[in-house]
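What follows is one structure encoded as structure tokens, with my remarks underneath.
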Amino acid sequence: MTLAEELQKAVPSVLTREWGQLNRGAPWQGGTPELLVSPASTEEVAQVLTWAGQEKVGVLPLGSGRHLAPVGPGSFMALDTSLLSSVDEYEPADLTITAGTGTSFDTVDAALRGNGQWAPFDPPGVSERSIGGFVSEASHSFLWTGYGALRNHVLGATLVTGDGRVLRLGGKVVKNVAGYDLLRPVVGGRGRLGVLTSVCLRAFPLPAHERVLVLKDSAIMSLIEPALLVGTAPVLPASIVVVGQADMLGGSSALVLRVHGAESSVDADQSTIEKHLGMSFDIVARTEADGLLNEIQDRGGLDSRCVEVSVLPSRLPQVVAAAEQVGVARAAVDSYAGRLRMGSNDMSADAVTALRLAVEQLGGSLRVARWDGALRPEDTSRRDAELDLTKRLESIFDPSGVLWPTRP
Amino acid sequence: MATTHEDVVSCSMTQTLSPNVADRLRAIVGHDLVITDPDRLFAYESDGLTAYRVVPRAVVLPETTEQVSEVLRTLHDEGIEVVPRGAGTGLSGGALPTPDGVIVGTARMSRILSIDAPNRLAHVQPGVINARLTEATAPYGLYYAPDPASQSTCTLGGNVAENSGGPHCLKYGVTSRYVTGLTVVMADGEVVRLGGAGLEASCGLDLVGLFVGSEGCFGIATEIEVRLLPQVESIRTLLGIFHTMEAAGHAVTDIIGSGLMPAAVEIVDNATIVAVEASVFSAGYPVDAGAALVVEFDGTEAGLDDDADRAEQCCLSAGATKVIRAKSDEERIALWKGRKKAFGAMGRIAPDLLVQDATVPRTRLPEVLARITEIGREYDLKIANVFHAGDGNLHPNILFDRQNSEELERVEKASREIMTLCVSVGGTITGEHGVGVDKRAYMPLVYNEVEMDMLRSARRVFDPDGRLNPGKVVQ
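Keeping their order, the protein sequence lines are chains A and B.
If you count the first sequence from 1, you need to add 108 to reach our numbering.
If you count the second sequence from 1, you need to add 589 to reach our numbering.
Here it is as structure tokens:
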């Protein structure tokens, strides 16, 4: 009996397909699943995972499938969440929206923008991401300075554990300390603790006005210090990013600020920042700003090889200097958060390993976000005690160890 | 109060600490920092939830991570339960002793270890008082955002344990948003480092986020790394006076719905206003007002007047009879006074005050408040409401006399009805005070048995023997 036949026997209602029938729209990184299963409800996800847990069948949770971390070789099935696609509840006055995890970020964003609200997060390729993948990955957003990390704004979720238990985590309210916060490790947990089927996000009012400011220079390094200085200004922009060799700026590198607020306050903020730096910024015309912001948002994150670095902001100059061999000239650097993202199609594993060592010596960490071939370099190693706690936590959510069975 | 009074109140020590164990603890922390004298132990019989009192076997007051580790290892080896305690200002009985337990207090771990201004970080010991951190970072143009009402006395360790909020978390978020790294001593004395600024890119699960709010059940945080924010340039504060609570609630909905993002939105009801105005904390609020609404904006000077104008218009449209705008810091403090001194004022009109805590979706506030009033009437209890209206965090305060057992029973029944109500409209049983012992019996209102089991399992990940803060959060 094939895997598909066994699953159909256990969960007759669930849709199963050949892997090749999934239109991912992007190159797949890693091993090929034996089966694609597409549950249409939380209950079906629970039935599938109950069966998988009992039969010890590996499960790869799948959102859009375009931004998965690398998958190693081995036998497993892919659990596609695309049928869990609906905005289930949206109360604009509560600033909360609940959607099935197969819903595209674009769909959620459109619903919010129709009411003068938005979800201020811009990881690479965000518009095509599913909400489930977006939350599971919790990639860094360059709007972190103004709005904080995604993990602070996921209010609730429904999660199916590796053995099919359904857990409602968090809720629909901003303040909630009823019991241990099991939602926190799930956000950014990359599917290791379960399959998300529904997520409640906090929404924000759309800023009345956005001004995009740029300070150009030929090299990324000479922009890091001014970027750090902006972070000490009396007013903070919503985003402070240095981008290398921006196509939208004719190949120039630039410090790019997004300033949000009422029109009068945006004027004042620009003036305050310029006075603080002793430098003048150019205002990017609205017609060009979206293209520039999209380029920054996706920078490196859609390349076949991509690494992300975090470090204390004050150590960014040293990291940038150490990252020359990893394509830092075309990096995007969030100077306020101390985050860098670099991507290319020909990054060498040796260069990444050397950068990782340099970053670790500076007290930072490095993650390989995408890697399309063999010889994948290692991520930053975790401390033993923390790793032990992580494994114990994973074991209570996924006692059979079926989730992400082939992850590197 | 969910757990019945009889469940937890016990004023007798079931056993004293053996001289051998006490001597070993004294060898670690020093003679004076292990308290076994019954007269001195009474000071630790409760936290801010005074309805429950249990005298601990002993209190140990370490000063370093190493001492905490040795103390916990010693107690673990002896099979003795440990109740962590910060300043003891918690309102859910999270630091209530157990009859067989020893309190490990962090009050003497009160050093600010470093302030890293360029990276906007501070490393502190858990006994640092919340407001003191903001004072210490002010010369660098920085501050610590979470501001629980008890910020002049509560400690960062307690804030981490409870994931504390405060009036300004509508805009700035609660404690978990600001904690970037922790040094934690586990139940068996093992020292574990969780997270840390600069390590965000690594692939680990968010154990820091999980630890924050674990109410002393997962370990004792002995070093805390927190993110600081730049001080705000300017502030605008408004006070709206309304005939009815419902009108004030509509004003809040209009303010948030119009796209404004206030730093704080707070409401006090008529019962609270009357109590405040009859006290030494009188703030000049009209005693015939149905509700008073405090709205505060902060940020760049240039945009604040526009925001305040729009909020004022929302208040007037919703039926405010008067809107006052502070023109100076002194006036701002005066406008806040009625809100900030509410709990103190109510303490003067009844022997006991149960400060309840629940959160509901903001749009459900008017109906929930109306029903809470009915519940008070049905149980013949005086309930005064003070709450963080911007994020739907209610504090229905029930005035009572705990010497009156019949009244206490009514308080318990009314509390349960209020909690059930809040959960039924999509809210939860606690927004910022934690579960402790107080809300433990309400947990099944929020979680089914599968979810409760998962909470218990998570606890065992950190403390397999269940020796840390037993009887709190989940049994």
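Where is the CB? At the ideal position from N, CA and C, for every residue including glycine.
Inset, instruction - Say whether chain A places a C-beta atom closer than 8 Å to the C-beta of B:M935. - result: It does not; no Cβ of chain A falls within 8 Å.
Legend entry - Cutoff 8 Å: A:G256 Cβ touching any chain B Cβ: It does: the Cβ of A:G256 has a partner Cβ on chain B nearer than 8 Å.
Inset, instruction - Just the C-alpha distance for B:A734 and B:W925, rounded to the nearest angstrom, thanks. - result: B:A734 and B:W925: Cα-Cα distance of roughly 18 Å.
Legend entry - DSSP three-state assignment for B:F989, whether helix, strand or coil: Strand at B:F989.
Inset, instruction - Report the three-state DSSP secondary structure of A:S121 (helix, strand or coil). - result: Correct three-state label for A:S121: coil.
Legend entry - A:T461 - DSSP class collapsed to helix/strand/coil: Looking at A:T461 - three-state DSSP - the assignment turns out to be helix.
Legend entry - CB contact below 8 Å: A:G224 versus chain B: At least one chain B Cβ lies under 8 Å of A:G224.
Inset, instruction - Quick one: give me the first and last residue of the beta strand (DSSP E) that B:I972 is part of. - result: Per DSSP, B:I972 is one residue of the beta strand (DSSP E) stretching across 971-977.
Legend entry - Own chain residues within Cβ distance below 6 Å of B:V657, not counting five before or after: Contacts found: P651, V774, I809, T811.
Legend entry - Below-8 Å beta-carbon distance, B:M602 vs any chain A residue: Per-residue confidence for B:M602 stands at a pLDDT of 46, beneath the threshold of 50, marking its modelled position as unreliable; no derived number is given.
Inset, instruction - Classify A:L263 as helix, strand or coil using the three-state DSSP reduction. - result: In the three-state DSSP reduction, A:L263 falls in the strand class (E or B).
Inset, instruction - Give a yes or no on whether the minimum CB-CB distance between A:Y198 and chain B is below 8 Å. - result: So, not an interface residue.
Inset, instruction - Check distances from the C-beta atoms of the segment 488-509 of chain A to those of chain B and list, in chain order, the residues that come in under 7 Å. - result: So the close ones are T488, R490, R491, A493, E494, L497, T498, R500, L501, I504.
Legend entry - A:G525 to A:G270 span [Cα, whole Å]: Residue 525 of chain A lies beyond the stretch modelled for chain A, which goes from 109 to 516, so this question has no answer here.
Legend entry - Outcome for B:D896 when other beta-carbon atoms lying within 10 angstroms are tallied against a minimum of 16: It counts as buried.
Legend entry - Top-ranked residue by Cα proximity to B:L828, from B:L988, B:A727, B:V821, B:C904: Nearest of B:L988, B:A727, B:V821, B:C904 to B:L828, Cα basis: B:C904.
Legend entry - Simplified DSSP state of B:V598, which is helix, strand or coil: Only weak support is given to the placement of B:V598: the predicted model assigns it a pLDDT of 47, under 50, and the question is left unresolved by the model.
Inset, instruction - Could you pull out every residue in the same chain whose Cβ sits closer than 7 Å to the Cβ of B:H594, ignoring the five residues on either side in sequence? - result: With a pLDDT of 47 at B:H594, under the threshold of 50, the modelled position of this residue cannot be trusted; read the value that follows with caution. Excluding residues up to 5 positions away in sequence, A640, L997 lie with their Cβ nearer than 7 Å to the Cβ of B:H594 in the same chain.
Legend entry - Partners in chain B for A:G472, counting only beta-carbon separations shorter than 8 Å: Within 8 Å Cβ-Cβ: G787, L788, A790.
Inset, instruction - Could you tell me the distance, in whole angstroms, from the CA atom of B:T653 to the CA atom of A:A493? - result: Their Cα atoms are separated by approximately 20 Å.
Legend entry - Spatial neighbours of B:V598 in its chain, beta-carbon cut-off 7 Å, leaving aside the 5 residues before and after: Because B:V598 carries a pLDDT of 47, less than 50, the predicted location of this residue cannot be relied on, and no value is offered for it.
Legend entry - Residues near A:D454 in its chain [Cβ-Cβ closer than 8 Å; skip 5 each side]: R413.
Inset, instruction - Spatial neighbours of B:G785 within its chain, please: CB distance less than 8 Å, with the 5 preceding and 5 following residues excluded, ordered by chain position. - result: Excluding residues within five positions, the ones whose Cβ falls inside 8 Å are T769, G770, E814.
Legend entry - Within chain E, partners of A:A346 - CB distance below 7 Å: Given the protein chain composition of this structure (A and B), no chain E is represented.
Inset, instruction - Name, please, each residue of chain A whose Cβ falls closer than 8 Å to the Cβ of B:G950. - result: According to the sequence as given, residue 950 of chain B is Pro; it is not Gly. Per Cβ cutoff of 8 Å: E199, D202, T204, K280, V281.
Inset, instruction - Would you verify that the beta carbon of A:P228 is, or is not, closer than 8 Å to some beta carbon of chain B? - result: Cβ-Cβ to chain B under 8 Å: no for A:P228.
Legend entry - Element boundaries [alpha helix (DSSP H), containing B:I669]: That residue, B:I669, is in no alpha helix (DSSP H); it is neither H nor E in DSSP.
Inset, instruction - Spell out whether any CB of chain A is found under 8 Å from the CB atom of B:N708. - result: B:N708 counts as touching chain A.
Inset, instruction - With distances taken Cα to Cα, identify the nearest neighbour of B:T764 among B:L818, B:D777, B:T726. - result: Among B:L818, B:D777, B:T726, the Cα nearest to that of B:T764 is on B:L818.
Legend entry - Contact residues within the segment 375-388 of chain A, judged by C-beta distance below 8 Å to chain B: Within the segment 375-388 of chain A, the residues whose Cβ lies closer than 8 Å to some Cβ of chain B are D375, A376, D377, T380, listed in chain order.
Inset, instruction - Could you spell out where the beta strand (DSSP E) holding A:R319 opens and where it closes? - result: Here the beta strand (DSSP E) through A:R319 covers 317-325.
Inset, instruction - Just mark B:P686 as buried or exposed, buried being the case when its beta carbon has 16 or more other beta carbons within 10 Å. - result: B:P686 should be labelled buried.
Legend entry - Terminal residues of the alpha helix (DSSP H) in which B:V815 lies: Looking at the DSSP string, B:V815 is not in any alpha helix (DSSP H); the run it does join, the beta strand (DSSP E), is 809-816.
Legend entry - Cross-chain neighbours of A:G408 in chain B, by beta carbon under 8 Å: Those within 8 Å of A:G408 in chain B number zero; the least Cβ separation is about 13 Å.
Legend entry - Residue closest to A:V243, alpha-carbon to alpha-carbon, out of A:G272, A:S212, A:A219: Of the residues A:G272, A:S212, A:A219, the one whose Cα lies closest to the Cα of A:V243 is A:S212.
Legend entry - B:L661 vs B:G838 beta-carbon contact at 8 Å: Result no, Cβ atoms of B:L661 and B:G838 do not sit closer than 8 Å.
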